[in-house]
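Keeping their order, the protein sequence lines are chains A and B.
Just so it is clear: in the first sequence, position 55 is 87 by this note's numbering, and no numbers are missing.
Just so it is clear: in the second sequence, position 164 is 167 by this note's numbering, and no numbers are missing.
From the three backbone atoms N, C-alpha and C, an ideal C-beta is built for every residue, glycine too.
Below is one structure, written out as structure tokens; the observations come after it.
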Amino acid sequence: MTAEAFSLPRVVDVRDLGDLDDPIAENNGQSVAVRPLREHGGFLVKMYVAPLADQDCRRLDKLIALPAAAGHDDRRLIREHTAWPVARVDSGGTAAVGCVLPVAPDKFRAELRLTPTRTDRRYLDVDWLARPAEVLARRGLTVPGAAERLRVCRQIIEVAAMLARYNLVYSDWSYSNAFFSLSDWSAYVIDIDGCAERFGPNVFQPNWDDPLTGASAAADTYTDRYRTALLVGRILTGENHPARMMHALDRHPDRTLATVLLDVLRSPKRQLRPPPSAVLAVLDGLPYLRVPFERLPLPAEPARQAAPASTIQPPPPPPPSRPRPAPRRPAVRPAVAVFWVAVLAFVLIIIAFASQHP
Amino acid sequence: MTYAHDSFQQKCLPTYLVIDVSSSMQPYQAILNRTLEKLHAELVGSPRVSEFAQISIIAFSTTPWVVIDMTDLESVPVMPEVTCQGRTSYGEAFVLTRQCIDRDLPALRAQGLATFRPAVFFITDGAPTDPGWEAAFDRLVDPAWPRHPHVIAYGCGEAVEPVLARIGTRAAFTADGGIGQDEALASAISSLVNSLVASARAEELRIPEQVPGYRTVKQEYVD
Chain A
33 MTAEAFSLPR VVDVRDLGDL DDPIAENNGQ SVAVRPLREH GGFLVKMYVA PLADQDCRRL
93 DKLIALPAAA GHDDRRLIRE HTAWPVARVD SGGTAAVGCV LPVAPDKFRA ELRLTPTRTD
153 RRYLDVDWLA RPAEVLARRG LTVPGAAERL RVCRQIIEVA AMLARYNLVY SDWSYSNAFF
213 SLSDWSAYVI DIDGCAERFG PNVFQPNWDD PLTGASAAAD TYTDRYRTAL LVGRILTGEN
273 HPARMMHALD RHPDRTLATV LLDVLRSPKR QLRPPPSAVL AVLDGLPYLR VPFERLPLPA
333 EPARQAAPAS TIQPPPPPPP SRPRPAPRRP AVRPAVAVFW VAVLAFVLII IAFASQHP
Chain B
4 MTYAHDSFQQ KCLPTYLVID VSSSMQPYQA ILNRTLEKLH AELVGSPRVS EFAQISIIAF
64 STTPWVVIDM TDLESVPVMP EVTCQGRTSY GEAFVLTRQC IDRDLPALRA QGLATFRPAV
124 FFITDGAPTD PGWEAAFDRL VDPAWPRHPH VIAYGCGEAV EPVLARIGTR AAFTADGGIG
184 QDEALASAIS SLVNSLVASA RAEELRIPEQ VPGYRTVKQE YVD
């Protein structure tokens with residue numbers, strides 16, 4: 033869905049949105065509720081916790097206006113791979129109580145096997161790709177090969193490079209803000225309404241902190257460079273632990289791609305981090321024009337988790353827990369049983385023979 | 004300049020679900036097992052939460068035991084079922100919880116994980132049957148022990164409010180009688196899931212202020 037497909041003006045009162053469906057998300061970060069619009073299929077309204085301040089309101093208006101002035105390729109990228117805001121929502125005299133965003137296309141959803149008997153159709157956060165192949169298989173998801181992982185990475189970096197071209201800071205790069213499609217391995221970045229020009233709030237998510245951006249410092253395009261490289265590195269390697277991911281990158285067969293990503297992640301200065309356009313160029317098979325600098329050493333590679341034991345001491349009195357019935361092989365296979373019967377028969381014959389021939 | 008010294012350590016919240024499976028829970032055994040299965044499904048459906056909230060499940064009746072060792076629940080293919088029987092011995096449950104914490108935290112750190120203060124979600128439907136359980140509890144939450152956990156207590160059935168208030172160092176909830184015990188159990192586990200989801204987002208332990216079917220045990224009861 034695009035801004036052109038949305039039939040209301042760029043600033044709309046909440047009463048003019050018509051009936052709303054039940055919330056699909058509540059109390060999630062900056063929004064109190066996200067509700068699909070019944071009368072404008074393919075769009076949803078995101079109601080903010082509090083109305084945006086004047087400056088933020090102007091920022092949102094500029095974002096909404098941007099696609100109309102963008103080039104053809106950028107408009108395509110915005111239309112097909114981002115949830116870009118199409119309208120500001122006011123309420124009576126209060127400006128910017130929310131915004132209208134397109135709903136992510138259905139191809140970014142899939143049946144997730146939660147238990148052996150229960151599935152649920154959900155949007156696929158890209159964090160699934162930072163999990164081992166066996167986890168994806170267990171959840172009934174197609175296991176991607178290297179080529180599929182590269183496709184998702186390229187799409188995310190293409191969006192990141194476009195945002196950087198417009199000097200927009202996304203800041204909230206993390207697993208939950210991008211979906212991927214099992215059908216064509218494309219990606220979709222949501223919540224673009226949070227983008228700011230040049231500097232934005234440093235949005236913290238567990239395990240996404242930029243070591244060179246202070247907690248109280250604003251996020252900028254250099255912060256975005258780090259977080260997108262972290263995201264792409266995790267998707268590329270299937271490793272979620274940052275240190276393990278960096279070591280996996282260091283061993284990655286595509287040396288040029290590994291080099292540019294490690295340059296972003298282990299640069300001693302934020303300004304030395306290569307931009308997403310450089311990563312995109314490498315993903316497109318172009319050479320990496322590297323500015324030589326000495327990277328920070330890789331962090332120590334941590335040990336892996338051992339498989340969990342089922343019980344530890346002290347043991348329970350009678351069996352307190354039992355595994356659920358699951359299909360399993362018979363305790364004694366028929367061939368083994370036949371073997372032991374034969375052995376037993378042989379022993380009996382020997383005993384009988386011995387008793388008759390003392 | 005490096006600001007975040009822990010930047011390359013994945014952060015995690017060691018979470019202990021300590022459940023009463025004494026004989027009084029027997030009528031609710033099936034719902035308890037279904038609820039545990041639901042907890043598993045909820046967490047494995049959200050990799051972000053399951054990797055942040057490493058979980059161990061401890062069941063207790065006359066004796067406590069570890070149902071699931073500390074792990075990302077994704078690595079547990081199917082939840083085991085628990086059987087309800089025996090008395091309600093709090094003391095040994097607290098002793099075992101402390102032993103587990105002492106064992107699990109170094110193991111998590113060895114995997115490169117930065118651990119937050121552990122969170123113990125304690126669910127009971129009865130009064131403790133073992134005299135002297137308080138000493139074991141005091142050792143578990145002793146502030147002088149650097150690994151002492153936060154405890155969030157949920158009580159239903161015959162659970163005793165002042166006891167819940169003593170155990171819940173972060174929060175204590177008691178079923179308000181408006182729903183059946185089966186629903187109360189499900190609600191407590193849902194509260195746990197919500198808490199973990201919110202904590203994973205906030206990178207700190209977040210406890211829901213309200214739990215459907217429960218009311219908060221007032222601080223005045225705390226001795």
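* **Start-to-end residues for the alpha helix (DSSP H) that takes in residue 310/A** => 308-315
* **Unbroken beta strand (DSSP E) run spanning residue 73/B, endpoints** => 67-74
* Are there 16 or more other CB atoms within 10 angstroms of the CB of residue 148/B, so buried, or fewer, so exposed? -> exposed
* **Residues that DSSP places opposite residue 143/A in a beta bridge** => Residue pairing from DSSP places residue 143/A in a beta bridge opposite 153/A.
* To do: Please confirm if residue 221/B has its CB atom under 8 Å from at least one CB of chain A.
  => no
* Quick one: give me the first and last residue of the beta strand (DSSP E) that residue 15/B is part of. => 13-15
* **Beta-carbon proximity check, residue 275/A vs residue 292/A, cutoff 8 Å** => no
* For residue 307/A, collect the residues of the same chain with a Cβ closer than 8 Å to its Cβ; drop the 5 residues on either side in sequence, then sort them by chain order. => 193, 196, 253 and 257
* **Unbroken beta strand (DSSP E) run spanning residue 153/B, endpoints** => First-last of the beta strand (DSSP E) with residue 153/B: 153-158.
* **Through-space distance from residue 171/B to residue 78/A, alpha-carbon basis** => 36 Å
* **CA-to-CA distance, residue 133/A to residue 16/A, given in whole angstroms** => With chain A running from 33 to 390 in the structure shown, residue 16/A is simply not present.
* Taking the continuous beta strand (DSSP E) assigned at residue 128/A, which residues delimit it? -> 126-134
* Can you give me, in chain order, the residues of the stretch 26-54 of chain B that have a beta carbon less than 9 Å from any beta carbon in chain A? => 36, 40, 41, 43, 44, 45, 47, 48, 49, 50, 51 and 54
* Asked: chain B beta carbons: is any one of them nearer than 8 Å to that of residue 296/A?
  -> no
* **Cβ contact check for the stretch 91-99 of chain A and the stretch 60-67 of chain A: 3 or more pairs under 8 Å** => no
* In the DSSP assignment, find the alpha helix (DSSP H) that holds residue 99/A and state where it starts and stops. => First-last of the alpha helix (DSSP H) with residue 99/A: 86-101.
* **8 Å Cβ cutoff met for residue 94/B and residue 136/B** => yes
* In the DSSP assignment, find the unbroken beta strand (DSSP E) run with residue 254/A in it and report its ends. => Careful: residue 254/A lies outside any beta strand (DSSP E), inside the alpha helix (DSSP H) at 253-269.
* Using a Cβ cut-off of 8 Å, pull out every chain B residue sitting near residue 208/A, in sequence order please. => 51
* First through last residue of the alpha helix (DSSP H) which encompasses residue 90/B -> Unbroken run through residue 90/B: none, as it is neither H nor E.
* **Outcome for residue 105/B when other beta-carbon atoms lying within 10 angstroms are tallied against a minimum of 16** => exposed
* To do: Quick one: which residues of the stretch 173-202 of chain B get their C-beta closer than 7 Å to a C-beta of chain A? List them in chain order.
  => Residues of the stretch 173-202 of chain B with a C-beta less than 7 Å from any C-beta of chain A: none at all.
* Apply the 10 Å Cβ neighbour rule to residue 120/A and answer buried if 16 or more other Cβ atoms are within range, or exposed otherwise. => It counts as buried.
* **Secondary structure of residue 18/B, DSSP reduced to three states** => Reduced to three states, the DSSP call for residue 18/B is strand.
* With residue 55/B as the anchor, note down where its alpha helix (DSSP H) starts and where it stops. => Where residue 55/B is concerned, the enclosing alpha helix (DSSP H) starts and stops at 50-55.
* Asked: Anyone know if the C-beta pair for residue 146/B and residue 17/B falls short of 8 Å?
  -> No, the Cβ-Cβ distance between residue 146/B and residue 17/B is not below 8 Å.
* **Neighbourhood of residue 37/A by C-beta distance below 6 Å, restricted to the same chain and skipping five residues each side** => none
* Asked: Could you give the distance in angstroms between the alpha-carbon of residue 207/B and the alpha-carbon of residue 153/B?
  -> 12 Å
* Environment of residue 152/A [buried if 16+ CB atoms lie within 10 Å] -> By the neighbour-count rule (16 or more Cβ atoms within 10 Å), residue 152/A is not buried but exposed.
* **Whether residue 176/B touches residue 139/B by CB criterion (8 Å)** => With respect to residue 139/B, residue 176/B sits apart: the two C-beta atoms are not nearer than 8 Å.
* residue 118/A: which of 53/A, 180/A, 198/A and 44/A sits nearest, CA to CA? -> 44/A
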